[in-house]
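Mapping of the sequence shown onto UniProt numbering: position 135 corresponds to residue 135, and the numbering continues sequentially without gaps.
All remarks here apply to the structure that follows.
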Amino acid sequence: MGGDCFLLHYDAATKKVSALNGSGRSAQALTLEQARKDCPGQAAFALDNVHAITVPGAVAGWVDAVDAWGSLTIDQVLRPAIDLAKSGFPVSTQTAVAWKRGYDLAQHTSTFVDPIKVSYEGVDVYEVPPNGQGITALMALNLLKQVDGDGWKQQHNSAQYLHTLIEVLRLAFLDTRWFVTDPAFEHVPVAEL
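Have a look at this one:
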């Protein structure tokens, strides 16, 4: 159990795309001061740092998605996992205690959000807005539109074609790393990106 959950849903009847952000947040007891004390001199947490771990939002996201859009019950969807958990699945003592207390899990909520989109070559491409990373793909498509507007048409998989794609993606990932964060705490200039 773990991870984040970012979902897009297309309703064929209304032709509307909806989005759900089921990403986890930091633990309730973690303060910025504590994180800085535990990681002196670091501008960002290393991926193997305990403070880089967030509350797993995936399960709550699945439940919320099934409740909002599903045709099966949550019991039907999660029955195999429930049976496995009841029959026993080994976890560490620390994990078992944390799950049993479950304060952070109980406090987690998913958020239904308006998706963001870019039109590229006649196709609307949707993503869940930040704090998710899907905006990276949309920024890359916007950059490709600029290149296309300059008359760029290269043979598929040629050296020049691949070089351009690599540079476009490099720039999109660079902007993602610089600008994309949790909008609950810092403004993310989605429209400008």
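Beta carbons are placed, not taken as given, at the ideal position from N, Cα and C, and that holds for glycine.
When the options are compared against residue i, the one with the closest alpha-carbon
{"i": "Ala13", "options": "Ala29, Gly24, Pro56, Trp69", "result": "Trp69"}
{"i": "Asp104", "options": "Glu127, Thr164, Val59", "result": "Val59"}
{"i": "Asn49", "options": "Lys153, Gln160, Ala35, Trp152", "result": "Ala35"}
{"i": "Gly102", "options": "Asp114, Phe179, Gln28", "result": "Gln28"}
{"i": "Val168", "options": "Thr95, Thr136, Val180", "result": "Thr136"}
{"i": "Met139", "options": "Tyr120, Gln155, Gln154", "result": "Tyr120"}
{"i": "Leu193", "options": "Phe89, Thr176, Phe185, Asp182", "result": "Thr176"}
{"i": "Asn142", "options": "Asn131, Gln154, Val123, Gly132", "result": "Val123"}
{"i": "Gly22", "options": "Lys37, Ala159, Cys39, Gly3", "result": "Gly3"}
{"i": "Gln133", "options": "Lys100, Gln146, Phe179", "result": "Phe179"}
{"i": "Gln160", "options": "Val147, Ala172, Glu186", "result": "Val147"}
{"i": "His9", "options": "His187, Asp114, Val188", "result": "Asp114"}
{"i": "Ala184", "options": "Gly24, Ile166, Lys37", "result": "Gly24"}
Residue span of the alpha helix (DSSP H) that contains residue i, given as start and end
{"i": "Ala191", "result": "Premise fails: Ala191 is in no alpha helix (DSSP H) and is neither H nor E."}
{"i": "Phe173", "result": "159-179"}
{"i": "Thr14", "result": "First-last for Thr14: undefined, no H or E at that position."}
{"i": "Ile135", "result": "135-149"}
{"i": "Pro80", "result": "74-87"}
{"i": "Leu32", "result": "32-38"}
{"i": "Asp48", "result": "Careful: Asp48 lies outside any alpha helix (DSSP H) and carries neither H nor E."}
{"i": "Thr95", "result": "93-101"}
{"i": "Asp64", "result": "58-69"}
Burial state of residue i, where buried means 16 or more other Cβ atoms lie within 10 Å
{"i": "Phe6", "result": "buried"}
{"i": "Leu144", "result": "buried"}
{"i": "Ile82", "result": "exposed"}
{"i": "Ala65", "result": "buried"}
{"i": "Asn157", "result": "exposed"}
{"i": "Thr73", "result": "exposed"}
{"i": "residue 231", "result": "With the chain covering 1 to 193 only, the question about residue 231 has no answer from this structure."}
{"i": "Trp152", "result": "exposed"}
{"i": "Ile116", "result": "buried"}
{"i": "Ala106", "result": "exposed"}
{"i": "Pro56", "result": "buried"}
Per DSSP, cross-strand counterpart(s) of residue i
{"i": "Ile116", "result": "Glu127"}
{"i": "Phe6", "result": "Asn21"}
{"i": "residue 194", "result": "Given a span of 1 to 193 for the chain in the structure shown, any question on residue 194 remains unanswerable."}
Beta-carbon separation (whole angstroms), residue i vs residue j, contact threshold 8 Å
{"i": "Leu30", "j": "His51", "result": "6 Å"}
{"i": "Thr54", "j": "Ser26", "result": "6 Å"}
{"i": "Leu20", "j": "Ser110", "result": "6 Å"}
{"i": "Val118", "j": "Val125", "result": "5 Å"}
{"i": "Gln154", "j": "Thr164", "result": "7 Å"}
{"i": "Thr95", "j": "Asn131", "result": "Actually they are not in contact, since the Cβ atoms of Thr95 and Asn131 sit about 25 Å apart, beyond 8 Å."}
{"i": "Phe112", "j": "Ser18", "result": "7 Å"}
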